[in-house]
Ligand SMILES: *[C@@H]1O[C@H](CO)[C@@H](O)[C@H](O)[C@H]1NC(C)=O
Ligand SMILES: *[C@@H]1O[C@H](CO)[C@@H](O)[C@H](O)[C@H]1NC(C)=O
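In this note's numbering, the protein residues as written are 272 to 413.
Structural data, given as structure tokens:
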């Protein structure tokens, strides 16, 4: 069987190719991460989030507020940092890197989540947003 004798096969292959192409361009090839930062600081905090490719800018998170963003992970080198300000206090830390993505990783491909909790005594990360302190790992103090 070849394409000349089987127009049906030709269009079938074309159709499948277009579907695959659209999936790759509109979704993520490997993983679509959703990362959130919840603040339990009584005052507003400001976080400046950036990666090597994107600068998400400054975001103010009020008490019990949540900031969420999504991105497609790269095969290697996915790295987001957050520069936090709480009044006169400042702290910078990796919000997503190889180590954190291994920690938050629950699925091989598709969608996955990582949760950050900012408390007066420091920064915690979790893969499942369970009630504190279960499954929350402290990464840094202020
Ligand atoms: C990632 O997932 C979110 C929520 O499910 C969705 O809104 C967004 O479009 C997805 N991003 C890509 C690139 O598929
Ligand atoms: C995490 O869980 C808390 C308590 O159930 C909920 O209020 C909050 O919206 C969740 N955070 C996210 C980012 O889904």
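We put the beta carbon where it would ideally sit given N, CA and C, even for glycine.
Check: Residue 337 CB to nearest heavy atom of ligand 2 below 8 Å; Outcome: yes
Check: Three-pair Cβ contact test at 8 Å for the segment 340-352 versus the segment 317-325; Outcome: yes
Check: Per-residue DSSP class, three states only, for residue 398; Outcome: coil
Check: Any non-hydrogen atom of ligand 1 closer than 8 Å to residue 375 Cβ; Outcome: no
Check: Stretch-stretch touch, CB-based, cutoff 8 Å, three pairs: the segment 328-343 with the segment 306-318; Outcome: yes
Check: Paired residues, beta bridge with residue 340 - DSSP; Outcome: 306
Check: Given 8 Å, three or more beta-carbon pairs between the segment 334-341 and the segment 360-377; Outcome: no
Check: Residue range of the unbroken beta strand (DSSP E) whose run includes residue 385; Outcome: 381-390
Check: Contact under 9 Å by Cβ, residue 381 with residue 303; Outcome: yes
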